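Chains as they are written, first to last, in this note's numbering: chain A, -2 to 610; chain B, -1 to 341. C-beta: ideal position from N, C-alpha, C; glycine also. All values derive from a computational prediction rather than experimental measurement.
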Ligand code: SF4
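Written out as structure tokens, the structure is:
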């Protein structure tokens, strides 16, 4: 039996890193699910390599998965991991800089060959040259241990070596006193029928890792992280793209409309297309178009025909769709544009996160072409933002942009399952009355009637040319153009009447207000909570609505001495707030393809608080 | 669960040409070939037995793309080149509608070639009328992707350099299931082609030679002139030997080198002429290469085959999936993942 002492911890972050073929995403996901089932709060950050299959052992091919689990409520995947599992020298090189001082490093010595060391740019073996003194290093030949554990399984060498991630997982499960059941069940389900020998080998590797921890006596401690006090209810794990897909399906169900997605594959939005393509039994129609423009145009066609029309993409795709979004603004058709942002400009950093499309979606079209913009704060929030976007699009008859990002799209969290019967229905009726029908008449929300093909007596023509008020006929009248331009702006402004009062986290007034949006929520909230705990006068407003801004925002901004806006861009919301409210705004910018760290924000905020004195 | 205004359809048998006219002034240049095409469409639609409210006309940008404003049906004048994509969305959502695409040579063979090709490839149930006037009209006279080499225009004062697209060959290359050609001034033939296209299941493309009397007058004079036409055109008829000429005295035959040649029917024998077959891709391609002055220019249906229709297949997938998993809700889907309870 193990002689290791058990130590209780509140929060632990673990990063699994290896070649993209090493199964690190799977390993991390398994640990996450097991921890969630144990009742921990968890947050994850999968970090994919840019290349699908970079050469084995190369720096470009390193794939990482960080998860943070805790007995407290947590908002982020954790700044710095407590444990790093490095399956090869490249994984060590890329990730070691993040490991906490005195953190645990488990390295697969088998992969530390001269060739791999050279590929990773090491002149000597860091496991032997003393350069890792500040960490607790556990060099283990994980590959050989795996081969030994599953000898006799009948798998060939190549297939056998692939089981090594389960050995590593088993070992880390032991270190943190996690049960194996969930992963055992997963392996059974995934492999038993298809490849029983693979199932047996993976199970053997998993158990061998666990038993190694128990018997090898190289670890002096094992750890427990007790259950978190999460709000009671039924939970599942969810990532942002799944939540967005479910939210769009929910909006279709709540409105009684048929869901239509026009899309073109693009990182990191493709998973939304994949997810909805698999939901035909719920009536979702997906159309993989020939390009981004065709995708949005097909969606506009579906909107004209009476569907809940959606197009999904990332920043480069939004650029291509700009003209068509203008057509939807002019024809006043309900359309949802999902922008899962990534690093830009141009092709930029496809697999990395950024928030630099805000100004593009606000202003990146020809002419005066405003659209409402909403942004999700957490993976699970994507679900509710999708419903909100549909509500706005249908209520006011216009295109709405949803901003998500690579961090939200791929990051997972436990999600309290919502009760669909408690979510208000989305009411938008098709116009059917031929008597007195005018395509560009207005209701109280400035929406126009939605008269869809197939309705007798309502035949009418839409188009991108300027429309005459009420009749919708083509009009070149100067006064009408001014009127309609103002009307289209007023429609967007009208959305604000339906935005609930802004929630201020912290004091209603004080030294510093942090205004943030999108996927930075977790890091910002953690940093603000930390400083509030130290008695500092700081509050956090997280904006869901970026256009129009909430009506009460100006008042709230005015109640704080200083306003700080952290963003993963060069200061885009900050610019909007300065222009709109004529106030000084301190901008905190980061464009490294990575989310904010809590510590970075604490530092920036502390400095800002100093100025407030 | 899905709701559309399920009102009873109107009586299609009572329709006449005037039901399809709008109160908008038609704004093409006097003498433009577009007038005739509009008239033939308005004459043909009432004969199809389709309720008026089910027609949708979608266009891109260009002179021809003003067309939907003059049709008293549902319609949209969209953005340059994108009409097939937008129309595909309409038809995919609601396969029971009857969606037409109105486009020109600049719209569908330059900025929007991509969408035209992919609509044809997918075989979405769209009827596409391509007004080919071999010029940019709306932007006032630049050469187009169907202009002949050496064309002198404002943008090519030294003559254009690029080889033109042959719309029929492009459509055949995309394996379109229905490809036809007609002429703006030949009302009877054009109506017949519109009818054939309307009856076709899948994407139907009609190239119409259309005279732009302002910027490219007479581009098709060789064939639009009534007296010339018997000599310069080959009227395609399925199953019939290919004959032309004022007395049908000439024909098309294929030599042992597989090259087409013009022959004298009396000399060569009718039984030795090429027989048109709308299902034969080799014949369709061969015909696409025949052109005045070396050959008569073919008009009629080059190709018409049955191929699965995209929007119907998409609907069938949805219906089938629903039948396999009946009565599912979004709540079920949310809870189909691994769930756990926190107390
Ligand atoms: S410019 Fe040519 S194509 Fe355009 S309307 Fe005038 S005649 Fe017709």
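For residue 277(A), the neighbours in chain B by C-beta distance under 7 Å run, in chain order, 315, 316 and 319.
Not a single CB atom of chain B sits nearer than 8 Å to the CB of residue 360(A). Using beta-carbon distances, residue 95(B) counts as an interface residue toward chain A, with a partner under 8 Å. Under DSSP, residue 385(A) takes part in no beta bridge, so it has no partner. Among the residues facing chain A, residue 98(B) is not included, as its CB has no counterpart in that chain under 8 Å away.
Taking 8 Å as the upper bound for CB-CB distance, residue 502(A) and residue 374(A) are not in contact here, some 12 Å apart. Residues of the same chain with a CB within less than 6 Å of the CB of residue 169(B), apart from the 5 flanking positions on each side, are 118, 177 and 203 in chain order. Segment contact: the segment 379 to 392 of chain A against the segment 236 to 248 of chain A, three or more CB-CB distances shorter than 8 Å; contact assigned. As a beta-bridge residue in DSSP terms, residue 262(B) pairs with 248(B).
Beyond the five residues adjoining it in sequence on each side, residue 191(B) comes within less than 6 Å, by CB distance, of 178, 180 and 204 in the same chain, given in chain order. For the 8 Å CB-CB criterion, residue 257(A) and residue 91(B) form a contact. Judged by their CB atoms, residue 328(B) and residue 232(A) are not nearer to each other than the 8 Å cut-off. Bounds of the beta strand (DSSP E) holding residue 98(B) are 96 to 102. Residue 256(A) has its Cβ no nearer than 7 Å to any heavy atom of the ligand SF4. Residues of the same chain with a CB within less than 6 Å of the CB of residue 237(A), apart from the 5 flanking positions on each side, are 376, 379, 401, 405 and 406 in chain order. Comparing C-alpha distances from residue 202(A) to each of 145(A), 249(A) and 466(A) shows the shortest one belongs to 145(A).
Contact annotation, residue 234(A) with residue 33(A): C-beta distance approximately 6 Å; criterion of less than 8 Å satisfied. Taking 8 Å as the upper bound on Cβ-Cβ separation, chain B lies near residues 30, 33, 34 and 36 of the segment 22 to 37 of chain A. By DSSP's assignment, residue 61(A) forms a beta bridge with 14(A) and 44(A). Taking the C-beta atoms as reference points, residue 172(A) is found nearer than 8 Å to residue 216(A).
Per DSSP, the continuous beta strand (DSSP E) segment holding residue 543(A) begins and ends at 542 to 544.
Distances from the CB of residue 427(A) to the heavy atoms of the ligand SF4 are all 7 Å or more. A direct Cα-to-Cα measurement between residue 464(A) and residue 300(A) gives close to 18 Å. In the structure shown, residue 284(A) falls within a strand segment according to DSSP collapsed to helix, strand and coil. When distances are taken from the beta-carbon of residue 62(A) to the heavy atoms of the ligand SF4, even the shortest one reaches 7 Å or more. Distance between residue 154(A) and residue 160(A), taken at the CA atoms: about 10 Å. For residue 352(A), the secondary structure class from DSSP, reduced to helix, strand or coil, is coil. Taking a beta-carbon distance threshold of 8 Å, residue 430(A) does not count as an interface residue toward chain B. Considering only 359(A), 430(A) and 2(A), the residue with the shortest C-alpha distance to residue 370(A) is 359(A).
Taking each of 398(A), 282(A) and 439(A) in turn and checking the Cα distance to residue 481(A), the smallest one comes out for 439(A). Residue 207(A): member of the alpha helix (DSSP H) spanning 193 to 213, first to last residue. Counting C-beta pairs with one atom in each stretch, the segment 595 to 604 of chain A and the segment 345 to 365 of chain A have fewer than three that are closer than 8 Å, which means they do not touch.
Boundaries of the beta strand (DSSP E) harbouring residue 75(B): 72 to 75, taken from the DSSP string. One thing to note: residue 43(A) has its Cβ within 8 Å of the Cβ of residue 25(A). When rounded, the separation of the alpha-carbon atoms in residue 252(B) and residue 296(B) is 16 Å.
For residue 74(B), the C-beta contacts it makes with chain A under 9 Å involve 297, 298, 301, 324, 328, 458, 459, 460 and 461, in order along the chain.
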